[in-house]
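Number of protein chains: 4
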Amino acid sequence: MTELDTTGAWLSREDLDNARERLPILYVSAVPVRVDDRGVVTHFGLLLRAGSEGEIGLEVVGGRVFYHERIRDALSRHIETDLGAMALPRIPLSPQPFTIAEFFPTPGVTPFHDPRQHAVALAYVVAVTGDCRPQKDALDLSWVTPSEAAGIAGRGEMTGGHGVLVRQALAHLGYPI
Amino acid sequence: MTELDTTGAWLSREDLDNARERLPILYVSAVPVRVDDRGVVTHFGLLLRAGSEGEIGLEVVGGRVFYHERIRDALSRHIETDLGAMALPRIPLSPQPFTIAEFFPTPGVTPFHDPRQHAVALAYVVAVTGDCRPQKDALDLSWVTPSEAAGIAGRGEMTGGHGVLVRQALAHLGYPI
Amino acid sequence: MTELDTTGAWLSREDLDNARERLPILYVSAVPVRVDDRGVVTHFGLLLRAGSEGEIGLEVVGGRVFYHERIRDALSRHIETDLGAMALPRIPLSPQPFTIAEFFPTPGVTPFHDPRQHAVALAYVVAVTGDCRPQKDALDLSWVTPSEAAGIAGRGEMTGGHGVLVRQALAHLGYPI
Amino acid sequence: MTELDTTGAWLSREDLDNARERLPILYVSAVPVRVDDRGVVTHFGLLLRAGSEGEIGLEVVGGRVFYHERIRDALSRHIETDLGAMALPRIPLSPQPFTIAEFFPTPGVTPFHDPRQHAVALAYVVAVTGDCRPQKDALDLSWVTPSEAAGIAGRGEMTGGHGVLVRQALAHLGYPI
Numbered sequence: 410m411t412e413l414d415t416t417g418a419w420l421s422r423e424d425l426d427n428a429r430e431r432l433p434i435l436y437v438s439a440v441p442v443r444v445d446d447r448g449v450v451t452h453f454g455l456l457l458r459a460g461s462e463g464e465i466g467l468e469v470v471g472g473r474v475f476y477h478e479r480i481r482d483a484l485s486r487h488i489e490t491d492l493g494a495m496a497l498p499r500i501p502l503s504p505q506p507f508t509i510a511e512f513f514p515t516p517g518v519t520p521f522h523d524p525r526q527h528a529v530a531l532a533y534v535v536a537v538t539g540d541c542r543p544q545k546d547a548l549d550l551s552w553v554t555p556s557e558a559a560g561i562a563g564r565g566e567m568t569g570g571h572g573v574l575v576r577q578a579l580a581h582l583g584y585p586i
Numbered sequence: 410m411t412e413l414d415t416t417g418a419w420l421s422r423e424d425l426d427n428a429r430e431r432l433p434i435l436y437v438s439a440v441p442v443r444v445d446d447r448g449v450v451t452h453f454g455l456l457l458r459a460g461s462e463g464e465i466g467l468e469v470v471g472g473r474v475f476y477h478e479r480i481r482d483a484l485s486r487h488i489e490t491d492l493g494a495m496a497l498p499r500i501p502l503s504p505q506p507f508t509i510a511e512f513f514p515t516p517g518v519t520p521f522h523d524p525r526q527h528a529v530a531l532a533y534v535v536a537v538t539g540d541c542r543p544q545k546d547a548l549d550l551s552w553v554t555p556s557e558a559a560g561i562a563g564r565g566e567m568t569g570g571h572g573v574l575v576r577q578a579l580a581h582l583g584y585p586i
Numbered sequence: 410m411t412e413l414d415t416t417g418a419w420l421s422r423e424d425l426d427n428a429r430e431r432l433p434i435l436y437v438s439a440v441p442v443r444v445d446d447r448g449v450v451t452h453f454g455l456l457l458r459a460g461s462e463g464e465i466g467l468e469v470v471g472g473r474v475f476y477h478e479r480i481r482d483a484l485s486r487h488i489e490t491d492l493g494a495m496a497l498p499r500i501p502l503s504p505q506p507f508t509i510a511e512f513f514p515t516p517g518v519t520p521f522h523d524p525r526q527h528a529v530a531l532a533y534v535v536a537v538t539g540d541c542r543p544q545k546d547a548l549d550l551s552w553v554t555p556s557e558a559a560g561i562a563g564r565g566e567m568t569g570g571h572g573v574l575v576r577q578a579l580a581h582l583g584y585p586i
Numbered sequence: 410m411t412e413l414d415t416t417g418a419w420l421s422r423e424d425l426d427n428a429r430e431r432l433p434i435l436y437v438s439a440v441p442v443r444v445d446d447r448g449v450v451t452h453f454g455l456l457l458r459a460g461s462e463g464e465i466g467l468e469v470v471g472g473r474v475f476y477h478e479r480i481r482d483a484l485s486r487h488i489e490t491d492l493g494a495m496a497l498p499r500i501p502l503s504p505q506p507f508t509i510a511e512f513f514p515t516p517g518v519t520p521f522h523d524p525r526q527h528a529v530a531l532a533y534v535v536a537v538t539g540d541c542r543p544q545k546d547a548l549d550l551s552w553v554t555p556s557e558a559a560g561i562a563g564r565g566e567m568t569g570g571h572g573v574l575v576r577q578a579l580a581h582l583g584y585p586i
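Residue numbers (the numbering used here), protein chains in the order written: chain A, 410 to 586; chain B, 410 to 586; chain C, 410 to 586; chain D, 410 to 586.
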């Protein structure tokens, strides 16, 4: 997950660090997919991302919700930040997420882990129909089939529990996992 | 809800009538909507439909699931039958419906009523992006705003409980109802 | 999945067989679980069942919805039939299922397979709080932890796609799978 | 919604006020219900609450999620705080909420309004089976039928959009609204 507002109209880096030690931080997660005309998911998009300590891992799209920002606008913003302005996402019509991922700074409390903070992510599957190019700290973007995604996610190749999130998305979409 | 297969590769009219007295019949319901780029629903599509006894009422899209037909294909077929081949629906990615509407032949068992049968409808909101023209027994198609839809649905102008279904869809989409 | 009504106030065996060749049959599936005071699922209940051809496999609870029967009453009836009258289930408050499982007579169309019919199951997780004893064609009932359930379901030890359903239930409940 | 931690192991009043001007605050909302043996909701619990400026209004249960607190534990804590230690709630098994309610400090952005902050509430329906007594700033607790709840919620007698949340809960439970 990325930091996007280090210069911060909303929050200084210091204030954000301070809040992170005291409050759960609201996130959105978007599992980007390609779909065919029948609504069948054909590919999952996995981001190769460099973390703040230089470690590299596969992740889904996502990040913080800003003050006074709608959930749907946070989804749009993070998809644009990670996949570029031409990704043409179909933002979900309903606010109901398929799951809530609770990222804890302490490993093992939940399947999700974020050493920097307690982040609670509203998770959605988002179809993208345009041209996707990894941006900023997203080094690469791979499109893999659902069964490849299940394999990659299941072998622990995704950091911080993002593999669990991908497999929960697969289950929600009706795929065997 | 319509009958589409009276000549029936699958089922004769007589056999269907027979089954309807003995089994719950599986239906899909699709609440057709127009959306903007942010995923905000701007309009609901309401069908003016003539029933089998000549009565007229506002309804959403839907009908029977055929033998050996996928749910997503039944949704596509009924949208094409009711809205035309150029409706360009975005079939939902997940099989999870927003509700199950149980239409009973006896009024008052549930909010949903179908004098012909016990029908159980898996209900979805479906965005359509193309040109929609009412087909067959759909006499007219009206696009109304969410607040107009809430009003029409709440004043009992929709038959068989379709107004309840529209208001449940509005609630699922986050609208006040 | 079991047949419960061979003597049939509703449908003769012949009529049911006839309908099964022509119509999708509406089912409910219930994944029985034990929970603690915090709502954490501690155990999954898996039924050892003998199929109509004498084969044996692990399954979840479920079966047909009868004509003029509510979904919630079908859930109660099948839990009583499979787990006994003292199971004390907490029937879900909302009709929204966590998934729809489409069992096809042809293998490979979906992850779910039923050689006898095209059955469409509304799937729920149901906490049971009482004394459960396998009934009728349920030979045995095993209570296993979520991680044991994930393992059993993932190794293909459950028939007809019931393992997929258990893993989709685990995902819906927030477990890693 | 209440403040529970003014003395704060987690956060001083000043720090919380500071965060509230800069970050969305994560909330849980619980619509408390009574259910019968079939899982049918018979009553909704509405709290009469005094707000921080002395105004009085009907609300549902809810409040902040603490740092390093699980969603299910935040639900338990707020139910105990509002309804007492003997309420015996059945905490939902799945983390999937029925909706997300976005409370904005600016009226009109969404149906939900909280003058103090931008709060994002994960909303659940929670059955309570024990003895409920309003606690702390909850002045009274009324148990009303679903149709009474629909009426009260629809007439604008609930503050801050809590009426919308109750009606969305009714819709999710399958009730006409």
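C-beta: ideal position from N, C-alpha, C; glycine also.
These numbers come from a predicted model, not from an experiment.
Q: Would you verify that the beta carbon of residue 529 of chain C is, or is not, closer than 8 Å to some beta carbon of chain B?
A: yes
### Message
So, at 8 Å on beta carbons, what are the nonlocal neighbours of residue 507 of chain D in its own chain, with the 5 sequence-adjacent residues on each side left out?
### Response
532, 533, 534, 577, 578, 581
Please classify residue 512 of chain A as buried or exposed, where buried requires at least 16 other C-beta atoms within 10 Å of its C-beta. buried
For residue 459 of chain D, which beta-bridge partners are listed by DSSP? D:465
- Query: For residue 439 of chain D, does the three-state DSSP call read helix, strand or coil?
  - Reply: strand
What residues of chain B sit near residue 438 of chain A, judged by a beta carbon separation below 9 Å?
-> Near residue 438 of chain A there are no residues of chain B at all, since even the closest Cβ is about 15 Å away, more than 9 Å.
Handout entry: Cα-Cα separation, residue 444 of chain C to residue 454 of chain A
Key = 35 Å
Subject >> Neighbour list for residue 576 of chain B in chain D, Cβ cutoff strictly below 7 Å >> reply: 580, 586
- Below 9 Å between beta carbons is the criterion; list the residues of the segment 508-530 of chain B that meet it against any residue of chain A, in chain order. none
C-beta atoms of residue 548 of chain B and residue 486 of chain B nearer than 8 Å: no
query = the segment 545-576 of chain D: which residues have C-beta closer than 9 Å to a C-beta of chain B, in chain order?
reply = 563, 570, 572, 573, 576
**Message:** Going residue by residue through the segment 495-572 of chain A, where are the continuous beta strand (DSSP E) segments of at least 3 residues, counting only ones entirely within it?
**Reply:** 508-513, 528-537, 547-553
On the three-state DSSP scale, how would you describe residue 586 of chain D? coil
Just how far apart, CA to CA, sit residue 435 of chain A and residue 430 of chain D? 15 Å
### Query
For residue 432 of chain B versus residue 497 of chain C, is the C-beta distance shorter than 8 Å?
no
ask   = residue 510 of chain A and residue 530 of chain A: beta carbons closer than 8 Å?
value = yes
Report all residues from its chain with a CB closer than 6 Å to the CB of residue 516 of chain A; omit the five preceding and five following residues, and keep chain order.
522
* Exposed or buried, which one is residue 567 of chain A when buried takes at least 16 other CB atoms within 10 Å? -> buried
Q. Given that a residue counts as buried once 16 or more other Cβ atoms are within 10 Å of its Cβ, and exposed if not, what is residue 538 of chain A?
A. exposed
My output table needs one value for residue 479 of chain B: the three-state DSSP class, helix, strand or coil.
coil
Here's the rule: buried if 16 or more other CB atoms are within 10 angstroms of the residue's CB, otherwise exposed. What is residue 560 of chain B?
exposed
Discussion item. In the DSSP assignment, the beta strand (DSSP E) including residue 473 of chain B goes from what residue to what residue?
Written reply: 470-473
task = For residue 478 of chain C, I'd like the list of residues in its chain whose CB is within less than 8 Å of its CB, leaving aside the five on either flank, ordered along the chain.
result = 486
Where the alpha helix (DSSP H) containing residue 431 of chain C begins and where it ends | Neither: residue 431 of chain C is in no alpha helix (DSSP H) and is coded neither H nor E.
Quiz item: So, using beta-carbon positions, are residue 490 of chain B and residue 526 of chain B closer together than 8 Å?
Solution: no
>> Can you find the residues in the same chain that come closer than 7 Å, C-beta to C-beta, to residue 452 of chain A, ignoring five residues on each side of it along the sequence?
In response: 442, 443, 552, 553, 554
Query - C-alpha distance - residue 470 of chain A paired with residue 480 of chain B, whole-angstrom precision - result: 29 Å
Cβ-Cβ distance between residue 467 of chain D and residue 448 of chain C below 8 Å = no
Fill in: Beta-carbon spacing of residue 542 of chain D, residue 493 of chain D below 8 Å
yes
Report task. Look at the alpha carbon of residue 428 of chain A and the alpha carbon of residue 439 of chain A, and state the distance between them as a whole number of angstroms. Result -> 24 Å
Check: Identify the residues that DSSP records as bridge partners of residue 452 of chain A: which are they?
Finding: A:443
Residue nearest to residue 473 of chain B in terms of C-alpha spacing, selected from B:437, B:423, B:572: B:437
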